[in-house]
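Below: one structure, written as C-alpha coordinates.
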Amino acid sequence: MRKAVSIIGSRLFQLIIMILILSFATFVLMKITPGDPVRALLKVDDVISTTDDKERVMKEYGFDKPILVQYVQWLWNVAQLDLGESIISKRPVLDIILDRLPATFALSVGGMIALFVIAVPLGVLGAVYEGRWPDYISRWFAILGASIPSFWLGLLLIYFFSLKWNLLPVMGKGTLAHFVLPSITLGIAMAPLYIKILRERLVSTLQSTYIESAYARGLGKGRILLFHALRGSLVPLVTMFGLSIGSLLGGITVIEILFSWPGMGEMIVQAVMQRDYPLIQGYIMVVGLLVVMTNLIVDLLYLIIDPQIRHGKEIS
(Lines of atoms letter the chains of each structure in order from A and count residues from 1; the text may use other names and numbers.)
(Lines give C-alpha, C1' and ligand atoms only; values in the text may rest on other atoms or scores of the structure.)
Protein backbone atom coordinates (compact mmCIF):
# COMPACT_ATOMS: atom_id res chain seq x y z
CA MET A 1 0.00 0.00 0.00
CA ARG A 2 2.84 2.38 0.90
CA LYS A 3 4.47 1.64 -2.45
CA ALA A 4 1.23 2.43 -4.29
CA VAL A 5 0.87 5.77 -2.48
CA SER A 6 4.50 6.57 -3.32
CA ILE A 7 3.90 5.83 -7.02
CA ILE A 8 0.77 8.00 -7.09
CA GLY A 9 2.57 10.89 -5.34
CA SER A 10 5.51 10.63 -7.73
CA ARG A 11 3.23 10.64 -10.78
CA LEU A 12 1.28 13.67 -9.49
CA PHE A 13 4.53 15.59 -9.00
CA GLN A 14 5.66 14.68 -12.54
CA LEU A 15 2.23 15.73 -13.83
CA ILE A 16 2.59 19.23 -12.33
CA ILE A 17 6.11 19.63 -13.76
CA MET A 18 4.95 18.49 -17.22
CA ILE A 19 2.00 20.90 -17.16
CA LEU A 20 4.30 23.81 -16.27
CA ILE A 21 6.76 22.93 -19.05
CA LEU A 22 3.94 22.45 -21.54
CA SER A 23 2.27 25.73 -20.59
CA PHE A 24 5.53 27.71 -20.91
CA ALA A 25 6.44 26.08 -24.26
CA THR A 26 2.94 26.70 -25.58
CA PHE A 27 2.96 30.34 -24.52
CA VAL A 28 6.40 31.07 -26.02
CA LEU A 29 5.58 29.24 -29.28
CA MET A 30 2.43 31.31 -29.68
CA LYS A 31 4.49 34.48 -29.24
CA ILE A 32 7.08 33.55 -31.89
CA THR A 33 4.61 32.04 -34.38
CA PRO A 34 4.26 34.13 -37.57
CA GLY A 35 1.24 36.44 -37.48
CA ASP A 36 0.22 39.45 -35.43
CA PRO A 37 -2.63 39.03 -32.94
CA VAL A 38 -3.01 42.82 -32.73
CA ARG A 39 -3.74 43.02 -36.46
CA ALA A 40 -6.16 40.12 -36.09
CA LEU A 41 -7.98 41.94 -33.30
CA LEU A 42 -8.22 45.18 -35.27
CA LYS A 43 -9.39 43.36 -38.39
CA VAL A 44 -12.16 41.64 -36.45
CA ASP A 45 -13.28 44.93 -34.98
CA ASP A 46 -13.42 46.48 -38.48
CA VAL A 47 -11.32 49.40 -37.28
CA ILE A 48 -8.88 51.21 -39.52
CA SER A 49 -5.47 50.32 -38.16
CA THR A 50 -3.59 53.33 -36.78
CA THR A 51 -0.66 53.56 -34.39
CA ASP A 52 -2.95 54.69 -31.58
CA ASP A 53 -5.27 51.74 -32.22
CA LYS A 54 -2.37 49.29 -32.08
CA GLU A 55 -1.06 50.80 -28.84
CA ARG A 56 -4.54 50.71 -27.33
CA VAL A 57 -5.02 47.03 -28.17
CA MET A 58 -1.51 46.10 -27.02
CA LYS A 59 -2.11 47.80 -23.67
CA GLU A 60 -5.60 46.37 -23.31
CA TYR A 61 -4.42 42.77 -23.87
CA GLY A 62 -1.07 43.20 -22.09
CA PHE A 63 1.02 42.65 -25.24
CA ASP A 64 3.24 45.62 -24.32
CA LYS A 65 4.62 43.80 -21.25
CA PRO A 66 7.66 41.44 -21.25
CA ILE A 67 6.89 37.85 -22.30
CA LEU A 68 7.70 36.45 -18.86
CA VAL A 69 5.28 38.87 -17.20
CA GLN A 70 2.61 37.97 -19.76
CA TYR A 71 3.23 34.26 -19.10
CA VAL A 72 2.94 34.59 -15.32
CA GLN A 73 -0.28 36.58 -15.69
CA TRP A 74 -1.66 34.02 -18.19
CA LEU A 75 -0.67 31.10 -15.93
CA TRP A 76 -2.34 32.79 -12.94
CA ASN A 77 -5.52 33.18 -14.99
CA VAL A 78 -5.31 29.54 -16.15
CA ALA A 79 -4.98 28.43 -12.52
CA GLN A 80 -8.32 30.21 -11.95
CA LEU A 81 -9.83 28.38 -14.99
CA ASP A 82 -9.69 31.54 -17.09
CA LEU A 83 -8.16 30.62 -20.48
CA GLY A 84 -8.84 34.04 -21.95
CA GLU A 85 -11.23 35.20 -24.65
CA SER A 86 -11.40 34.15 -28.28
CA ILE A 87 -10.19 36.89 -30.64
CA ILE A 88 -12.75 35.88 -33.28
CA SER A 89 -15.95 35.03 -31.39
CA LYS A 90 -15.24 37.11 -28.23
CA ARG A 91 -16.45 34.16 -26.12
CA PRO A 92 -14.49 32.69 -23.20
CA VAL A 93 -12.08 30.04 -24.51
CA LEU A 94 -13.05 27.59 -21.77
CA ASP A 95 -16.72 27.80 -22.77
CA ILE A 96 -15.88 27.13 -26.44
CA ILE A 97 -13.74 24.12 -25.54
CA LEU A 98 -16.33 22.73 -23.12
CA ASP A 99 -18.96 23.02 -25.86
CA ARG A 100 -16.82 20.92 -28.21
CA LEU A 101 -15.18 18.52 -25.75
CA PRO A 102 -18.17 16.12 -25.28
CA ALA A 103 -18.36 15.42 -29.03
CA THR A 104 -14.64 14.64 -29.24
CA PHE A 105 -14.79 12.55 -26.06
CA ALA A 106 -17.77 10.56 -27.39
CA LEU A 107 -16.00 9.89 -30.70
CA SER A 108 -12.81 8.89 -28.86
CA VAL A 109 -14.76 6.37 -26.78
CA GLY A 110 -16.40 5.03 -29.95
CA GLY A 111 -13.00 4.71 -31.60
CA MET A 112 -11.49 2.91 -28.60
CA ILE A 113 -14.43 0.47 -28.47
CA ALA A 114 -13.99 -0.25 -32.19
CA LEU A 115 -10.25 -0.62 -31.64
CA PHE A 116 -10.58 -3.26 -28.92
CA VAL A 117 -13.41 -5.08 -30.74
CA ILE A 118 -11.09 -5.40 -33.74
CA ALA A 119 -7.69 -5.83 -32.07
CA VAL A 120 -8.39 -8.28 -29.21
CA PRO A 121 -10.07 -11.08 -31.27
CA LEU A 122 -7.52 -10.78 -34.09
CA GLY A 123 -4.59 -10.70 -31.65
CA VAL A 124 -5.91 -13.75 -29.77
CA LEU A 125 -6.61 -15.67 -33.00
CA GLY A 126 -3.11 -14.90 -34.27
CA ALA A 127 -1.53 -16.22 -31.08
CA VAL A 128 -3.72 -19.30 -30.55
CA TYR A 129 -3.45 -20.40 -34.18
CA GLU A 130 0.16 -19.34 -34.69
CA GLY A 131 1.43 -20.28 -38.15
CA ARG A 132 -2.03 -21.26 -39.44
CA TRP A 133 -4.58 -19.41 -41.59
CA PRO A 134 -6.25 -17.38 -38.74
CA ASP A 135 -2.77 -16.12 -37.87
CA TYR A 136 -2.17 -15.10 -41.50
CA ILE A 137 -5.51 -13.24 -41.57
CA SER A 138 -4.60 -11.44 -38.33
CA ARG A 139 -1.19 -10.36 -39.63
CA TRP A 140 -2.59 -9.47 -43.08
CA PHE A 141 -5.21 -7.23 -41.47
CA ALA A 142 -2.57 -5.54 -39.29
CA ILE A 143 -0.36 -4.79 -42.30
CA LEU A 144 -3.29 -3.58 -44.40
CA GLY A 145 -4.67 -1.39 -41.60
CA ALA A 146 -1.27 0.22 -41.02
CA SER A 147 -0.84 0.89 -44.74
CA ILE A 148 -4.16 2.65 -45.44
CA PRO A 149 -4.35 6.38 -44.57
CA SER A 150 -7.29 7.02 -42.24
CA PHE A 151 -8.83 9.73 -44.44
CA TRP A 152 -8.82 7.37 -47.47
CA LEU A 153 -10.34 4.57 -45.40
CA GLY A 154 -13.03 7.01 -44.22
CA LEU A 155 -13.80 7.98 -47.81
CA LEU A 156 -14.12 4.30 -48.78
CA LEU A 157 -16.52 3.63 -45.90
CA ILE A 158 -18.58 6.70 -46.82
CA TYR A 159 -18.75 5.59 -50.45
CA PHE A 160 -19.90 2.03 -49.72
CA PHE A 161 -21.98 2.31 -46.53
CA SER A 162 -23.52 5.73 -47.10
CA LEU A 163 -23.65 6.49 -50.82
CA LYS A 164 -23.76 3.06 -52.49
CA TRP A 165 -25.73 0.96 -49.96
CA ASN A 166 -27.44 3.82 -48.06
CA LEU A 167 -26.99 2.06 -44.69
CA LEU A 168 -25.44 4.81 -42.56
CA PRO A 169 -25.43 8.64 -42.50
CA VAL A 170 -22.59 10.34 -44.37
CA MET A 171 -21.65 12.96 -41.80
CA GLY A 172 -22.74 15.06 -38.83
CA LYS A 173 -23.76 14.14 -35.27
CA GLY A 174 -27.22 13.25 -34.05
CA THR A 175 -28.03 9.56 -33.67
CA LEU A 176 -26.08 6.46 -32.71
CA ALA A 177 -25.75 5.63 -36.41
CA HIS A 178 -23.64 8.77 -36.88
CA PHE A 179 -20.99 7.26 -34.59
CA VAL A 180 -20.49 4.06 -36.58
CA LEU A 181 -18.40 5.13 -39.58
CA PRO A 182 -16.08 7.61 -37.79
CA SER A 183 -15.60 5.17 -34.88
CA ILE A 184 -14.73 2.27 -37.21
CA THR A 185 -12.37 4.49 -39.20
CA LEU A 186 -10.61 5.55 -36.01
CA GLY A 187 -10.54 1.99 -34.64
CA ILE A 188 -9.08 0.44 -37.81
CA ALA A 189 -6.45 3.18 -38.06
CA MET A 190 -5.20 2.42 -34.51
CA ALA A 191 -5.75 -1.37 -34.37
CA PRO A 192 -2.66 -2.73 -36.23
CA LEU A 193 -0.14 -1.95 -33.48
CA TYR A 194 -2.44 -3.34 -30.77
CA ILE A 195 -2.95 -6.57 -32.78
CA LYS A 196 0.80 -7.02 -33.22
CA ILE A 197 1.65 -6.38 -29.56
CA LEU A 198 -1.16 -8.58 -28.18
CA ARG A 199 -0.30 -11.44 -30.54
CA GLU A 200 3.41 -11.40 -29.68
CA ARG A 201 2.74 -11.16 -25.93
CA LEU A 202 0.19 -13.99 -26.02
CA VAL A 203 2.47 -16.25 -28.08
CA SER A 204 5.20 -15.75 -25.47
CA THR A 205 2.80 -16.25 -22.55
CA LEU A 206 1.23 -19.42 -23.96
CA GLN A 207 4.72 -20.99 -24.18
CA SER A 208 5.64 -20.11 -20.58
CA THR A 209 6.05 -22.64 -17.77
CA TYR A 210 3.16 -21.38 -15.66
CA ILE A 211 0.77 -21.99 -18.57
CA GLU A 212 2.16 -25.54 -18.87
CA SER A 213 1.57 -25.94 -15.13
CA ALA A 214 -2.03 -24.80 -15.58
CA TYR A 215 -2.55 -27.46 -18.27
CA ALA A 216 -0.96 -30.01 -15.93
CA ARG A 217 -3.49 -29.08 -13.23
CA GLY A 218 -6.25 -30.00 -15.66
CA LEU A 219 -7.56 -26.49 -16.40
CA GLY A 220 -9.44 -26.06 -19.67
CA LYS A 221 -7.89 -24.29 -22.65
CA GLY A 222 -10.52 -21.52 -22.67
CA ARG A 223 -10.11 -20.83 -18.95
CA ILE A 224 -6.32 -20.70 -19.23
CA LEU A 225 -6.54 -18.34 -22.17
CA LEU A 226 -9.09 -15.94 -20.63
CA PHE A 227 -8.09 -15.93 -16.95
CA HIS A 228 -4.34 -16.51 -17.09
CA ALA A 229 -2.70 -15.74 -20.45
CA LEU A 230 -4.94 -12.87 -21.62
CA ARG A 231 -4.90 -11.04 -18.28
CA GLY A 232 -1.10 -10.90 -18.24
CA SER A 233 -1.04 -9.81 -21.86
CA LEU A 234 -3.27 -6.79 -21.17
CA VAL A 235 -0.43 -4.89 -19.47
CA PRO A 236 1.32 -3.88 -22.74
CA LEU A 237 -2.07 -2.90 -24.20
CA VAL A 238 -2.67 -0.58 -21.24
CA THR A 239 0.79 0.88 -21.86
CA MET A 240 -0.04 1.41 -25.51
CA PHE A 241 -3.35 3.03 -24.60
CA GLY A 242 -1.58 5.64 -22.50
CA LEU A 243 1.03 6.32 -25.16
CA SER A 244 -1.50 6.50 -28.00
CA ILE A 245 -3.77 9.14 -26.43
CA GLY A 246 -1.76 11.91 -28.11
CA SER A 247 -1.92 10.10 -31.46
CA LEU A 248 -5.63 9.50 -30.95
CA LEU A 249 -6.35 13.20 -30.41
CA GLY A 250 -4.16 14.07 -33.41
CA GLY A 251 -5.76 11.49 -35.69
CA ILE A 252 -9.26 12.34 -34.56
CA THR A 253 -8.88 15.82 -36.05
CA VAL A 254 -8.73 14.33 -39.56
CA ILE A 255 -11.74 12.09 -38.83
CA GLU A 256 -13.79 15.00 -37.44
CA ILE A 257 -13.14 17.13 -40.53
CA LEU A 258 -13.88 14.23 -42.89
CA PHE A 259 -17.21 13.40 -41.21
CA SER A 260 -18.10 17.04 -40.29
CA TRP A 261 -18.03 16.01 -36.64
CA PRO A 262 -18.52 19.08 -34.39
CA GLY A 263 -15.64 18.34 -32.02
CA MET A 264 -12.42 20.01 -30.91
CA GLY A 265 -10.52 18.90 -34.05
CA GLU A 266 -12.76 20.90 -36.34
CA MET A 267 -12.57 23.82 -33.87
CA ILE A 268 -8.77 23.93 -33.72
CA VAL A 269 -8.40 23.85 -37.51
CA GLN A 270 -10.67 26.91 -37.77
CA ALA A 271 -8.75 28.59 -34.92
CA VAL A 272 -5.41 28.05 -36.69
CA MET A 273 -6.76 29.37 -40.00
CA GLN A 274 -8.14 32.47 -38.23
CA ARG A 275 -5.03 32.88 -36.01
CA ASP A 276 -7.17 32.78 -32.88
CA TYR A 277 -4.18 32.52 -30.49
CA PRO A 278 -6.02 32.38 -27.14
CA LEU A 279 -8.16 29.51 -28.42
CA ILE A 280 -5.10 27.65 -29.75
CA GLN A 281 -3.29 28.10 -26.41
CA GLY A 282 -6.34 26.94 -24.49
CA TYR A 283 -6.77 23.90 -26.74
CA ILE A 284 -3.13 22.81 -26.32
CA MET A 285 -3.36 23.21 -22.54
CA VAL A 286 -6.58 21.19 -22.30
CA VAL A 287 -5.29 18.43 -24.60
CA GLY A 288 -1.96 18.32 -22.74
CA LEU A 289 -3.79 18.05 -19.43
CA LEU A 290 -5.96 15.23 -20.80
CA VAL A 291 -2.87 13.34 -22.02
CA VAL A 292 -0.97 13.57 -18.73
CA MET A 293 -4.11 12.76 -16.71
CA THR A 294 -4.71 9.70 -18.89
CA ASN A 295 -1.14 8.56 -18.32
CA LEU A 296 -1.69 8.95 -14.58
CA ILE A 297 -4.82 6.79 -14.82
CA VAL A 298 -2.84 4.22 -16.84
CA ASP A 299 -0.21 4.10 -14.10
CA LEU A 300 -2.96 3.48 -11.56
CA LEU A 301 -4.36 0.69 -13.73
CA TYR A 302 -0.94 -0.97 -13.56
CA LEU A 303 -1.41 -1.28 -9.82
CA ILE A 304 -4.68 -3.13 -10.37
CA ILE A 305 -3.66 -5.35 -13.29
CA ASP A 306 -0.13 -6.30 -12.22
CA PRO A 307 0.27 -7.40 -8.56
CA GLN A 308 4.08 -7.34 -8.93
CA ILE A 309 4.00 -3.56 -9.39
CA ARG A 310 1.54 -3.13 -6.53
CA HIS A 311 3.96 -4.96 -4.24
CA GLY A 312 7.07 -3.06 -5.09
CA LYS A 313 8.23 -3.59 -8.69
CA GLU A 314 8.85 -0.35 -10.59
CA ILE A 315 6.76 0.52 -13.64
CA SER A 316 8.90 0.10 -16.73
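Read in order, the letters of the sequence shown are residues 20 to 335 in the numbering used here.
The beta carbon of each residue, even a glycine, is placed where N, CA and C say it ideally should be.
Note that the structure is predicted; figures quoted are calculated from it, not measured.
Going by the DSSP bridge assignment, what does residue i pair with across the sheet?
{"i": "residue 111", "result": "104"}
Whole angstroms are fine: how far does the CA of residue j sit from the CA of residue i?
{"i": "residue 161", "j": "residue 262", "result": "19 Å"}
{"i": "residue 312", "j": "residue 237", "result": "43 Å"}
{"i": "residue 92", "j": "residue 298", "result": "17 Å"}
{"i": "residue 234", "j": "residue 243", "result": "8 Å"}
{"i": "residue 208", "j": "residue 167", "result": "8 Å"}
{"i": "residue 74", "j": "residue 85", "result": "15 Å"}
{"i": "residue 143", "j": "residue 303", "result": "37 Å"}
{"i": "residue 70", "j": "residue 170", "result": "46 Å"}
{"i": "residue 205", "j": "residue 77", "result": "43 Å"}
{"i": "residue 264", "j": "residue 317", "result": "11 Å"}
{"i": "residue 103", "j": "residue 118", "result": "15 Å"}
{"i": "residue 251", "j": "residue 231", "result": "15 Å"}
{"i": "residue 146", "j": "residue 226", "result": "10 Å"}
{"i": "residue 335", "j": "residue 190", "result": "Below a pLDDT of 50, predicted positions are generally treated as unreliable, and residue 335, at 44, falls in that range; the measurement from the model is reported next regardless. Each residue's alpha carbon lies about 42 Å from the other."}
{"i": "residue 123", "j": "residue 284", "result": "8 Å"}
Among the options, which has the Cα closest to the Cα of residue i?
{"i": "residue 256", "options": "268, 217 and 103", "result": "217"}
{"i": "residue 254", "options": "286, 110 and 320", "result": "320"}
{"i": "residue 35", "options": "151, 130 and 98", "result": "98"}
{"i": "residue 105", "options": "307, 306 and 291", "result": "291"}
{"i": "residue 177", "options": "201, 159 and 192", "result": "201"}
{"i": "residue 100", "options": "119, 107, 108 and 113", "result": "113"}
{"i": "residue 278", "options": "172, 44 and 81", "result": "172"}
The alpha helix (DSSP H) spanning residue i covers which residue range?
{"i": "residue 253", "result": "249 to 262"}
{"i": "residue 84", "result": "It is not in any alpha helix (DSSP H) - residue 84 carries neither H nor E in the DSSP assignment."}
{"i": "residue 156", "result": "152 to 166"}
{"i": "residue 286", "result": "283 to 292"}
{"i": "residue 209", "result": "196 to 225"}
{"i": "residue 242", "result": "240 to 243"}
{"i": "residue 169", "result": "169 to 176"}
{"i": "residue 232", "result": "228 to 235"}
So, for residue i: in the same chain, excluding its five sequence neighbours on each side, which residues have a beta-carbon less than 7 Å away from its beta-carbon?
{"i": "residue 196", "result": "187 and 188"}
{"i": "residue 94", "result": "42"}
{"i": "residue 210", "result": "134, 137, 138 and 164"}
{"i": "residue 46", "result": "90, 93 and 300"}
{"i": "residue 215", "result": "161"}
{"i": "residue 141", "result": "157, 160 and 214"}
{"i": "residue 127", "result": "267 and 271"}
Nearest chain D C-beta to residue i closer than 7 Å, yes or no?
{"i": "residue 146", "result": "The chain inventory of the structure shown lacks chain D, comprising one protein chain alone."}
If you drop the 5 nearest sequence neighbours on each side, which residues of the same chain put their C-beta closer than 6 Å to that of residue i?
{"i": "residue 333", "result": "Here residue 333 scores only 48 on pLDDT, less than 50, and its place in the model is too uncertain to base an answer on."}
{"i": "residue 306", "result": "268"}
{"i": "residue 49", "result": "296 and 300"}
{"i": "residue 79", "result": "none"}
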